[in-house]
Amino acid sequence: MLSRIFQPLLVACLVAGTSRAADDPFVGKWKVNPSKSNPTDQMKVEVAGANRYTITFAPGAADTVVANGSDQPGLRGTTFSITVEGPNNWKVIRKKGGRTLLTANWTLSGDGKTLTDAYTEYEDDGSILN
């Protein structure tokens, strides 16, 4: 299921965040564009403190991390990190037992309405899914 959560996303913004969050273009509720993606799912990003975010991938499946590039406790015994690479670009990495499970580059469009998820998943057998 976790692999389905991180399938490539090309999404449209549904809800803006709080006034503080309005300065952060990643904050909001994101939904997959089903005509360009499979499967359909949603992701919601919320401010949880200074440079700290809660990312909800599905009901009951949320990570809360500081966006400083460090590995932090995540879902199901994993670690999750967010590195802010620019005002409209985040790099996310999920690991388990030190092994990288996935990497993704989340990029917002100039108007802040579309989030593109360039996603790569690393399988136990060494195969790569994009």
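Count the sequence shown with this note's numbering and you get residues 3 to 132, in order. For every residue, glycine included, the Cβ atom is placed at its ideal position computed from N, Cα and C.
Inset, instruction - Quick one: grab the DSSP three-state call for aspartate 73. - result: Counted from its first residue, the sequence shown places residue 73 at position 71. DSSP places aspartate 73 in the coil class of the three-state scheme, outside both helix and strand.
Legend entry - Where leucine 131 falls, given that 16 or more other Cβ within 10 Å makes a residue buried: For the purposes of this step, residue 131 is identified with residue 129 of the sequence shown, where counting begins at 1. Burial call: exposed.
Legend entry - Own chain, CB closer than 6 Å to alanine 50, minus 5 neighbours either side, in chain order: Here residue 50 refers to the residue found at position 48 when the sequence shown is read from its first residue. Within the same chain, alanine 50 has close Cβ partners Thr56 and Thr66.
Inset, instruction - Kindly list the residues whose CB is nearer than 6 Å to the CB of arginine 54, restricted to its own chain and excluding five residues on each side of it in sequence; keep chain order. - result: By one-based count along the sequence shown, residue 54 stands at place 52. The answer, listed in chain order, is Val68.
Inset, instruction - Go ahead and pull the three-state DSSP assignment for glycine 128. - result: Taking the first residue of the sequence shown as position 1, residue 128 is located at position 126. In the three-state reduction of the DSSP assignment, glycine 128 falls in the coil class.
Legend entry - Residue from Gly99, Pro89 and Ile95 whose Cα sits closest to the Cα of tyrosine 121: Within the sequence shown, numbered from 1, the residue matching residue 121 stands at position 119. It is Ile95 whose Cα lies nearest to the Cα of tyrosine 121.
Legend entry - Bridge-paired residues (DSSP) for isoleucine 111: As a position in the sequence shown, residue 111 is number 109, starting the count at 1. Just to set this straight, residue 111 is serine in the shown sequence, not isoleucine. Beta bridge pairing from DSSP links serine 111 with no other residue.
Legend entry - Test item: CB-CB of asparagine 90 and leucine 117 under 7 Å: Along the sequence shown, read from residue 1 onward, the residue named residue 90 stands at position 88. Along the sequence shown, read from residue 1 onward, the residue named residue 117 stands at position 115. With respect to the 7 Å criterion, asparagine 90 and leucine 117 are not classified as neighbours on the basis of their beta carbons.
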